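Quick note, the sequences are listed as chains W and X, same order.
When the letters of the first sequence are read in order and numbered with our numbering, they come out as residues 157 to 457.
When the letters of the second sequence are read in order and numbered with our numbering, they come out as residues 157 to 457.
Protein chains: 2
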Amino acid sequence: MDQTQRLRDLGEFGLIEQVRAYLGGASHVLIGSGDDAAQISTDAGSYLVSTDLLIEGRHFRRDWSSAYEVGSKAAAANLSDIAAMGGTANALTVGFAAPGDLESVWALDLTRGIVDEAAKVGAVVVGGDVTASDTIMIAVTVMGEATRPVRRGGATPGDVVAYAGRLGWAGAGFAALSRGFRSPKKAVEAHRVPQPPYAAGPQAALAGATAMTDVSDGLLVDLGHIAAASQVAIDVHTDRFIVGEPLTSVGQALGVDPLHFVLSGGDDYALVATFGGDVPDGWTVIGTVADASGESGAGVT
Amino acid sequence: MDQTQRLRDLGEFGLIEQVRAYLGGASHVLIGSGDDAAQISTDAGSYLVSTDLLIEGRHFRRDWSSAYEVGSKAAAANLSDIAAMGGTANALTVGFAAPGDLESVWALDLTRGIVDEAAKVGAVVVGGDVTASDTIMIAVTVMGEATRPVRRGGATPGDVVAYAGRLGWAGAGFAALSRGFRSPKKAVEAHRVPQPPYAAGPQAALAGATAMTDVSDGLLVDLGHIAAASQVAIDVHTDRFIVGEPLTSVGQALGVDPLHFVLSGGDDYALVATFGGDVPDGWTVIGTVADASGESGAGVT
């Protein structure tokens, strides 16, 4: 190990890869690090768990989003990880660090946002920790359960690729806000508070989905994770997308092809899955799974 | 709500109290916020969960502790919360935020510390999140299981109070380090890496403990939590303690009664419990539970 190497040189994914080498496994860890959530067996049953950090200035801005919106989004990002396993969330814990001069009402509105978003799937905040810090940091951990967890590694050549939810709306909203616009309202609101299709996760599991993940980093990046884990090639057919009106208008205003938001925009928490048989209602087919023929990955045709 | 109130005026416990008002409950939450861990029922079985945040400069200092020691302590604090419910931890998630110029090896040593401490009870790190931040922040969430969770609220007048593990060692070490000393070694090491009596938690549950918690904030403060939850008065008999050598020598060097460390020092993660019957091997009786007669609390006689 190079003792002088810095985190910024290694990068987030590089660090995670090196950390994983230390983790090891255990017979009670049914699914470990590297999927949307882990699955742990207990003496009776099992549970899913996933965790996310949000840092002010990196994951949210107080001048762009209200505390309630930040809370809703923090919860949504986590609840979506359980949906992406085909599961349903049942509990969350929240770690909250903030400067002492923050208005108390901000922390309470944040809590309300988390609690209300969790209530959409019947999950409850069951614990947490509070501490002082120079920067606002929110650590959310979500637990849940799934009858048949759907992993990233099960896609097979011949499967179709489909998605549920929205693609590109939050990305278009972020692009608009970044240029100083506060509209179109639908795109900006999609950035502030995503609307993940929570129920579509268990629905896809029940319908026999072979692989699934949520779109947090962008459709092609996240399909790339499925492709790598499944050792397949994924072809996305761009003529299959219905590009929503807010994306077209942000695209026009900023001189960007709205398809860019669909393929690369994150934070909508759409679900993408592969199916060997019928695709359930509400899912839109956008591509196919093929042999990797050497190199796995997701691309556009 | 006073819109101008700041977090520093409300304080950590004040914020937690206000936040709790929003949390609500659900039939699947067997134990909610306000104990060492929450307990959630699933379709098959149940799990325990607890979470802690550590911030550089507040919970650890890089010039006092190695990354490996910080990781061990972060894990210990969380694993202890599951032991304090009479349970055994099985999985952890870790959120890690740090500046880009931090040496990668620090993050990897931290991971090793967490992994090795977790291995002491058979628990595994199953997931996490990594992000950039100006300050190092570590968010650990631990899950576990218990056949019969022991809560804080079950102490009854006539019970005896007993503890397992160490009391005051970490506090004495912290006091020594704060004055610029690097010794006595045993106290300083106790501050850097606590040695919680993990097995004593399930042991106490099996022996019929009526209430239990871990000593993270100081014996009298944490017994106060049991007293409040149980609506009883707890009397601690100070002549029952065997004050260890490192405490005596720090006390002499700093001109402090070593009993102060025993009663008020945190971070050793001893377990304290109340028993209606026999006290198991390895536990030391230090007090009695009495009627609250108006006001619950823990005091010294």
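Ideal placement from N, C-alpha and C gives every residue a C-beta, glycine not left out.
Small disclaimer: the values here were computed from a predicted structure and weren't measured.
Any beta carbon of chain X sitting closer than 7 Å to that of W/M293? W/M293 belongs to the set of residues whose beta carbon lies under 7 Å from a beta carbon in chain X.
For X/Y425, name the three-state secondary structure that DSSP assigns. DSSP places X/Y425 outside both helix and strand once states are collapsed to three, so it counts as coil.
Hey, does X/Q159 have any beta-carbon neighbour from chain W nearer than 7 Å? Yes, contact with chain W.
Report yes if the CB atom of W/S206 is closer than 7 Å to the CB atom of W/A193, and no otherwise. Their beta carbons are under 7 Å apart, which means W/S206 touches W/A193 by this criterion.
Collapsed DSSP secondary structure at X/T287 in the structure displayed: DSSP places X/T287 in strand when its eight states are reduced to three.
Less than 8 Å between the CB atoms is what I'm expecting for X/A233 and X/D208, so what's the real figure, rounded? About 5 Å separates the beta carbons of X/A233 and X/D208, which is inside the 8 Å limit, making them a contact pair.
C-alpha gap between W/E301 and W/R162, whole angstroms: Each residue's alpha carbon lies about 38 Å from the other.
Compute the distance between the beta-carbons of X/A320 and X/G329, then report whether it is under 7 Å. Taking C-beta atoms as the reference points, X/A320 and X/G329 fail to come closer than 7 Å.
Measure the alpha-carbon distance for W/R217 versus W/P352 and round it to whole angstroms. Taking the Cα positions, W/R217 is about 21 Å away from W/P352.
Neighbourhood of X/A311 by C-beta distance below 6 Å, restricted to the same chain and skipping five residues each side: Excluding the 5 residues flanking it on each side, X/A311 has same chain C-beta neighbours closer than 6 Å at T366, A367, I382, S386, V388, T430, V445, in chain order.
Quick check on DSSP: helix, strand or coil for W/E168? It is helical.
Could you work out which residues of chain X lie near W/Q174, taking near to mean beta carbons separated by less than 9 Å? Within 9 Å Cβ-Cβ: S260, A263, L264, T267.
How many whole angstroms separate the CB atoms of X/A361 and X/V406, which I take to be in contact at a CB cut-off of 8 Å? Contact flag wrong, Cβ pair sits at about 34 Å.
Taking X/D378 as the reference, give the member of X/R308, X/H416, X/L166 with the closest Cα. Checking every option, the nearest Cα to that of X/D378 belongs to X/R308.
When burial is assigned at 16 or more other CB atoms within 10 Å of the CB, is X/T394 buried or exposed? The residue in question, X/T394, is exposed, as its Cβ has fewer than 16 Cβ neighbours within 10 Å.
Counting pairs of beta carbons, one from the segment 269-285 of chain X and one from the segment 222-238 of chain X, are three or more of them closer than 8 Å? Flag = yes, the segment 269-285 of chain X and the segment 222-238 of chain X touch.
What distance in whole Å lies between the Cβ atoms of X/V392 and X/V316, which are believed to be in contact at a cut-off of 8 Å? Between X/V392 and X/V316 the Cβ distance is about 11 Å, and since that is not below 8 Å, they are no contact.
According to DSSP, which residues form a beta bridge with X/E301? Here X/E301 is bridged, per DSSP, to X/T244.
W/G242 to W/G251 span [Cα, whole Å]: If I take the Cα positions, the gap works out to 26 Å.
Should X/I398 be labelled buried (16 or more other beta-carbon atoms within 10 Å of its own) or exposed? Answer is exposed; the Cβ neighbour count stays below 16.
Partner residues on chain W for X/T207, Cβ-Cβ distance less than 8 Å: Ordered by position in chain W, the residues that pass the 8 Å Cβ test against X/T207 are T249, V250, G251, G283, G284, D285, A295, T297.
Going by the DSSP bridge assignment, what does W/A320 pair with across the sheet? Bridge partners of W/A320: W/L427.
Checking 7 Å against the spacing of the C-beta atoms, do X/E225 and X/V306 come in under that value? The Cβ atoms of X/E225 and X/V306 do not sit closer than 7 Å to each other.
Please compile the residues from chain X whose C-beta is within a distance smaller than 8 Å of the C-beta of W/D290. Under the 8 Å cutoff, chain X gives D290, T291.
For X/E212, is the classification buried or exposed, using 16 other Cβ atoms within 10 angstroms of its Cβ as the cut-off for buried? Buried, by the Cβ-count rule.
9 Å Cβ cut-off: residues of chain W touching X/I196: The CB of X/I196 comes closer than 9 Å to the CB of Y203, N246, A247, V280, V282, M299 in chain W, given here in chain order.
Closest by C-alpha distance to W/L191, when choosing among W/D199, W/T198, W/I172, W/G201: According to the sequence provided, residue 191 of chain W is Asp. The question's Leu does not apply to it. Out of W/D199, W/T198, W/I172, W/G201, W/I172 has the C-alpha closest to the C-alpha of W/D191.
Please decide whether X/S189 counts as near chain W, where near means a Cβ-Cβ distance under 7 Å. Taking a beta-carbon distance threshold of 7 Å, X/S189 counts as an interface residue toward chain W.
Endpoints, the beta strand (DSSP E) within which X/V441 is located: Here the beta strand (DSSP E) through X/V441 covers 440-447.
Using a 10 Å radius around the Cβ and a threshold of 16 neighbouring Cβ atoms, would you call X/G314 buried or exposed? That one is exposed.
Going along the segment 417-433 of chain W in order, which residues come within less than 7 Å of chain X, judged by CB to CB distance? For chain X, none of the residues of the segment 417-433 of chain W brings a beta carbon within less than 7 Å of one of its beta carbons.
Does X/T198 pass the burial test, meaning 16 or more other C-beta atoms within 10 Å, or should it be called exposed? Buried is the call here.
Name the chain X residues that come within less than 7 Å of W/R162, Cβ to Cβ? Per Cβ cutoff of 7 Å: G256, D257, L258, E259, S260.
Alpha-carbon spacing of X/I294 relative to W/G433, whole angstroms: Their backbone Cα atoms lie some 43 Å apart in a straight line.
Can you have a look at W/F417 and say buried or exposed, based on whether 16 or more other CB atoms are within 10 angstroms of its CB? Here W/F417 is buried. Its C-beta has 16 or more other C-beta atoms within 10 Å.
Roughly how many angstroms lie between the CA atoms of X/A454 and X/D447, to the nearest whole one? Computed Cα separation, rounded: 12 Å.
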